[in-house]
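Using full-length UniProt numbering, the first residue of the sequence shown is number 1, and each one after it goes up by one.
For every residue, glycine included, the Cβ atom is placed at its ideal position computed from N, Cα and C.
Before any comments, here is the structure.
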Amino acid sequence: MSECSSMQYQFQFAGDGMNMGQNDANVYSNAREEWKEYWACEQSIASARASVMIYDDVNKKWMPSGTSSGLSKVHIYQHQVNNTFRVVGRKLQDHEVVINCAILKGLKYNQATATFHQWRDNKQVYGLTSVVRKMLIPSLVPCFMLLIC
(Lines of atoms letter the chains of each structure in order from A; the text may use other names.)
(Lines give C-alpha, C1' and ligand atoms only; values in the text may rest on other atoms or scores of the structure.)
Protein backbone atom coordinates (compact mmCIF):
# COMPACT_ATOMS: atom_id res chain seq x y z
CA MET A 1 0.00 0.00 0.00
CA SER A 2 1.41 3.41 -0.90
CA GLU A 3 1.70 6.54 1.20
CA CYS A 4 -1.56 8.46 1.05
CA SER A 5 -0.10 11.78 2.18
CA SER A 6 2.05 12.27 -0.91
CA MET A 7 -0.46 11.36 -3.62
CA GLN A 8 -1.81 13.62 -6.33
CA TYR A 9 -4.82 12.28 -8.21
CA GLN A 10 -5.42 12.87 -11.88
CA PHE A 11 -7.31 10.19 -13.74
CA GLN A 12 -7.46 9.57 -17.46
CA PHE A 13 -9.77 7.19 -19.24
CA ALA A 14 -9.60 6.25 -22.88
CA GLY A 15 -11.38 3.79 -25.09
CA ASP A 16 -14.68 2.11 -24.37
CA GLY A 17 -13.25 -0.73 -22.27
CA MET A 18 -14.17 -3.28 -24.94
CA ASN A 19 -12.28 -2.33 -28.11
CA MET A 20 -9.07 -0.90 -26.75
CA GLY A 21 -5.81 -0.53 -28.58
CA GLN A 22 -2.54 -1.16 -26.71
CA ASN A 23 -2.20 2.51 -25.71
CA ASP A 24 -5.81 2.58 -24.46
CA ALA A 25 -5.23 -0.63 -22.51
CA ASN A 26 -2.17 0.91 -20.83
CA VAL A 27 -4.09 4.07 -19.91
CA TYR A 28 -6.98 1.95 -18.58
CA SER A 29 -4.60 -0.22 -16.55
CA ASN A 30 -2.84 2.84 -15.12
CA ALA A 31 -6.17 4.46 -14.23
CA ARG A 32 -7.26 1.29 -12.42
CA GLU A 33 -4.06 1.33 -10.37
CA GLU A 34 -4.52 5.03 -9.55
CA TRP A 35 -8.08 4.36 -8.38
CA LYS A 36 -6.87 1.48 -6.20
CA GLU A 37 -4.39 3.87 -4.56
CA TYR A 38 -7.11 6.50 -4.16
CA TRP A 39 -9.50 4.03 -2.49
CA ALA A 40 -6.71 2.78 -0.23
CA CYS A 41 -6.68 6.28 1.29
CA GLU A 42 -10.36 6.07 2.25
CA GLN A 43 -11.48 4.91 5.66
CA SER A 44 -14.98 3.96 6.79
CA ILE A 45 -15.87 6.23 9.71
CA ALA A 46 -19.44 4.95 10.19
CA SER A 47 -21.68 2.23 8.83
CA ALA A 48 -25.18 0.88 9.21
CA ARG A 49 -27.61 -1.53 7.57
CA ALA A 50 -30.44 0.30 5.87
CA SER A 51 -32.66 0.34 2.81
CA VAL A 52 -31.44 2.94 0.32
CA MET A 53 -34.17 4.87 -1.44
CA ILE A 54 -34.22 7.37 -4.31
CA TYR A 55 -37.02 9.88 -4.73
CA ASP A 56 -38.76 9.56 -8.10
CA ASP A 57 -39.74 13.15 -8.84
CA VAL A 58 -41.89 12.20 -11.84
CA ASN A 59 -44.09 9.75 -9.91
CA LYS A 60 -43.72 11.60 -6.58
CA LYS A 61 -42.74 8.53 -4.57
CA TRP A 62 -39.75 6.82 -2.99
CA MET A 63 -38.26 3.91 -4.93
CA PRO A 64 -35.61 1.39 -3.89
CA SER A 65 -32.19 2.29 -5.24
CA GLY A 66 -30.76 -0.37 -7.51
CA THR A 67 -32.38 -3.27 -9.29
CA SER A 68 -34.27 -4.64 -6.26
CA SER A 69 -35.32 -3.72 -2.75
CA GLY A 70 -33.54 -4.98 0.33
CA LEU A 71 -31.02 -4.07 2.98
CA SER A 72 -27.67 -2.55 2.17
CA LYS A 73 -24.51 -1.95 4.13
CA VAL A 74 -24.06 1.83 4.03
CA HIS A 75 -20.72 3.44 4.88
CA ILE A 76 -19.53 6.98 5.29
CA TYR A 77 -15.98 7.10 3.93
CA GLN A 78 -13.39 9.77 4.64
CA HIS A 79 -10.52 10.29 2.21
CA GLN A 80 -7.48 10.76 4.43
CA VAL A 81 -5.55 13.06 2.05
CA ASN A 82 -8.29 15.23 0.58
CA ASN A 83 -10.43 15.24 3.74
CA THR A 84 -13.51 14.55 1.60
CA PHE A 85 -16.46 12.34 2.49
CA ARG A 86 -18.93 10.16 0.63
CA VAL A 87 -21.76 7.76 1.30
CA VAL A 88 -21.42 4.34 -0.32
CA GLY A 89 -23.96 1.56 -0.02
CA ARG A 90 -23.91 -1.98 -1.34
CA LYS A 91 -26.74 -4.51 -1.25
CA LEU A 92 -26.09 -7.25 1.28
CA GLN A 93 -27.41 -9.93 -1.06
CA ASP A 94 -25.49 -9.26 -4.28
CA HIS A 95 -23.13 -6.33 -3.42
CA GLU A 96 -24.72 -4.04 -6.03
CA VAL A 97 -23.67 -0.44 -5.44
CA VAL A 98 -26.91 1.41 -4.68
CA ILE A 99 -25.48 4.76 -3.56
CA ASN A 100 -22.20 6.60 -4.09
CA CYS A 101 -22.76 10.20 -3.11
CA ALA A 102 -20.40 12.97 -1.98
CA ILE A 103 -21.14 14.67 1.34
CA LEU A 104 -20.54 18.36 0.91
CA LYS A 105 -20.77 21.21 3.37
CA GLY A 106 -24.23 22.74 3.24
CA LEU A 107 -25.89 19.52 2.07
CA LYS A 108 -29.68 19.61 2.63
CA TYR A 109 -30.32 16.95 5.28
CA ASN A 110 -33.58 16.06 7.03
CA GLN A 111 -34.43 13.50 9.69
CA ALA A 112 -38.00 12.89 8.53
CA THR A 113 -38.75 10.24 11.17
CA ALA A 114 -36.79 8.25 13.73
CA THR A 115 -36.08 5.60 11.09
CA PHE A 116 -36.06 7.63 7.85
CA HIS A 117 -33.40 10.17 6.92
CA GLN A 118 -33.14 12.02 3.64
CA TRP A 119 -30.78 14.42 1.88
CA ARG A 120 -30.29 15.89 -1.54
CA ASP A 121 -27.40 16.78 -3.78
CA ASN A 122 -27.69 18.76 -7.00
CA LYS A 123 -29.08 15.74 -8.91
CA GLN A 124 -30.98 13.43 -6.59
CA VAL A 125 -32.89 13.05 -3.33
CA TYR A 126 -31.66 10.09 -1.26
CA GLY A 127 -33.26 8.35 1.68
CA LEU A 128 -32.13 5.77 4.21
CA THR A 129 -34.61 3.77 6.20
CA SER A 130 -33.99 1.14 8.82
CA VAL A 131 -36.33 -1.35 10.42
CA VAL A 132 -34.71 -0.91 13.81
CA ARG A 133 -34.21 2.63 15.10
CA LYS A 134 -30.91 1.77 16.80
CA MET A 135 -29.34 0.56 13.54
CA LEU A 136 -29.28 3.94 11.81
CA ILE A 137 -29.19 6.78 14.29
CA PRO A 138 -26.15 6.03 16.47
CA SER A 139 -23.79 5.33 13.60
CA LEU A 140 -24.53 7.50 10.55
CA VAL A 141 -26.52 10.49 11.80
CA PRO A 142 -23.86 12.10 14.00
CA CYS A 143 -21.40 11.89 11.09
CA PHE A 144 -23.85 13.57 8.73
CA MET A 145 -24.56 16.33 11.20
CA LEU A 146 -20.88 17.06 11.78
CA LEU A 147 -19.96 17.01 8.10
CA ILE A 148 -22.68 19.25 6.71
CA CYS A 149 -22.54 22.01 9.32
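Between which two residues does the beta strand (DSSP E) harbouring residue i extend?
i    : result
N83  : Looking at the DSSP string, N83 is not in any beta strand (DSSP E), and its letter there is neither H nor E.
Q124 : Run containing Q124: none; DSSP gives neither H nor E here.
Q111 : 108-111
A102 : 97-103
Which same chain residues end up closer than 6 angstroms to residue i when comparing Cβ atoms and leaving out the 5 residues on each side of it in sequence?
i    : result
M63  : I54, D56
H117 : Q111, L128
V97  : R90
If you compare alpha carbons, which of the options is closest to residue i?
i   : options        : result
K60 : S68, F85, V125 : V125
C41 : H95, N83, T113 : N83
Q43 : G70, T67, H79  : H79
G66 : H95, S47, I76  : H95
Nearest-angstrom Cα distance between residue i and residue j?
i    : j    : result
S130 : V87  : 16 angstroms
S72  : N100 : 12 angstroms
I103 : T115 : 20 angstroms
V58  : R120 : 16 angstroms
I76  : S47  : 6 angstroms
S6   : T113 : With a pLDDT of 37 at S6, under the threshold of 50, the modelled position of that residue is not reliable, and no figure is offered here.
K108 : I45  : 20 angstroms
In its own chain, which residues sit with a C-beta less than 8 angstroms from the C-beta of residue i, not counting the 5 before and 5 after it?
i   : result
L92 : R49, G70, L71, S72, K73
V52 : P64, S65, G66, S72, V74, G89, V98, I99, Y126, G127, L128
- Which ranges does the alpha helix (DSSP H) cover as unbroken runs of at least 4 residues, wholly within the region 46-84, from first to last along the chain? none
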